[in-house]
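One structure is given below, encoded as structure tokens.
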Amino acid sequence: MLTMQISENEIIKRLIISEASFLTLKEKTLLQKKLDSFNDIALMSNKELSSIINRSLIKTAWDGKKVLKKAQTANFLMQKFGIRWSFFGDSDYPALLTEMKDSPYVIFYRGNLDCLKANCVSMVGTRRATFTGKNAAFDFAREASDNGETVISGLAYGIDIASHRGALAGKSAKTAAVLPGGIDSIVPAGHSKTAVQIVENGGLILSEYTPGTPAQPFRFVQRNRIIAALSPATVVVQAPAGSGAMITAGLALDYNRYVFFHEACFNQEAKALDAINAQKLSAMALREKNGQKKAYAKSLNSPERYVSEGAPVVKNYAEYCALKNEDFCGINLKKDNGQLNLFID
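In the numbering used here, the protein residues as written are 37 to 381.
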């Protein structure tokens, strides 16, 4: 896959635009078309920006010169590490990402972007996965890889890394890791070797964040929406109530994707994880502002709740394929607004 050739001036301009997190995708693409040089936006005031996008940004903090320096650093890192890009509207931009309400303006990547054109399955779960949970993730991903699928996950500890390694052990060996920061820095660092193996085997490392951007807690949640969007189905292998994996399941439903739960979510080891998680939620209820409300909302966002509403449970990849081919996605999951009310702030 060859990245579209554009001038250094143009790429720096787009890198600056990508850093304007207060802009919508539509506004970013408008600026991309309207402005000729990176200096046009780097030297632009909030008032001037507001006039172009027809929305007031007077109270928005914007330091164009500072962002220009970051964009220039990102461009240097891209050249140094062979990082490529795909902007919204480019011919190689992943089609499934265009179905999101908040599609990323750009994705940065290393590896084979074409692996996303194969059948894909997203796999998510807890970092504190049990032995059975990690084995379940590895086996499921290996069988998916044997069947030519690309496995999507987040390279984190636990279920994520087991999924990537299972895919690497399969026949196609293709897997894609979505990172919560710039892809010049692998998070966690202990999984750098696996990241190299992913790229070497025709897979992909990608992120919506410019190179040099550190991983921060809110970016993990933002990353999860891309994991959910890149596949027609998300499989939750093992996850306690209120976890990041359960947030990803909700995002998948938002994007009209299928959501499946592996039986490893419900075994005795998983129940032990649930007990530990319940203690943490109780502590949250006592410690944080509005803690009781938050803890209650998280407790509702559980695999058991999804299954009670119709989400399918599978024990292996073969069952997953059989149910997906039957177009069984748990029609009772849809509520009045098309989404379970499980994600109260």
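Cβ coordinates follow ideal geometry from the N, Cα and C atoms, glycine included.
- In the DSSP secondary-structure assignment, residue 159 is bridged to 271.
- Separation of the CB atoms of residue 48 and residue 131 is rounded to 27 Å, and the pair is thereby denied contact status at 8 Å.
- DSSP lists 187 as the bridge partner or partners of residue 211.
- Residue 225 sits exposed, since fewer than 16 C-beta atoms from the chains shown fall within 10 Å of its C-beta.
- Between residue 331 and residue 320 a beta carbon distance of about 5 Å is seen, short of the 8 Å cut, so the two are scored as contacting.
- In terms of CA proximity to residue 353, 271 leads the group 327, 322 and 271.
- Straight across, the Cα-Cα distance linking residue 196 with residue 242 is about 15 Å.
- Taking each of 207, 87 and 50 in turn and checking the Cα distance to residue 69, the smallest one comes out for 50.
- Apart from sequence neighbours up to five positions away, the residues of its chain that approach residue 184 with a beta-carbon distance below 7 Å are 154, 155 and 208, ordered along the chain.
- Checking the DSSP bridge columns, you'll see residue 167 has no partner listed.
- In this structure, residue 64 lies away from residue 79, with their beta-carbon atoms at least 9 Å apart.
- Non-local beta-carbon contacts of residue 282 in its own chain, meaning distances under 6 Å to residues more than five positions away in sequence, involve 275 and 337 in chain order.
- Contact check for residue 88 against residue 67 passes: the beta carbons are separated by less than 9 Å.
- In this structure, residue 250 keeps its C-beta atom at 9 Å or more from the C-beta atom of residue 119.
- Looking at the DSSP output, residue 121 sits in a beta bridge with 144.
- Secondary structure at residue 254: helix, using DSSP grouped into helix, strand and coil.
- Per DSSP, residue 223 lies in no alpha helix (DSSP H) segment and is marked neither H nor E.
- Assignment of alpha helix (DSSP H) within the segment 329-362, counting only whole runs of 4 or more residues, yields 339-344 and 353-361 in chain order.
- Between residue 299 and residue 349, the gap from beta carbon to beta carbon is short of 9 Å.
- By the C-beta density criterion, residue 201 is buried, having at least 16 other C-beta atoms within 10 angstroms.
- When secondary structure is reduced to three states using DSSP, residue 243 falls in the strand class.
- For residue 297, the three-state secondary structure derived from DSSP is strand.
- One thing to note: residue 265 has its Cβ no nearer than 9 Å to the Cβ of residue 159.
- Our two residues, residue 72 and residue 99, have alpha carbons roughly 19 Å apart in a direct line.
- In the assembly as shown, residue 362 is an exposed residue. Its beta-carbon has fewer than 16 other beta-carbons within 10 Å.
- If the five residues before and after residue 303 are omitted, its C-beta is found closer than 7 Å to the C-beta atoms of 168, all from its own chain and listed in chain order.
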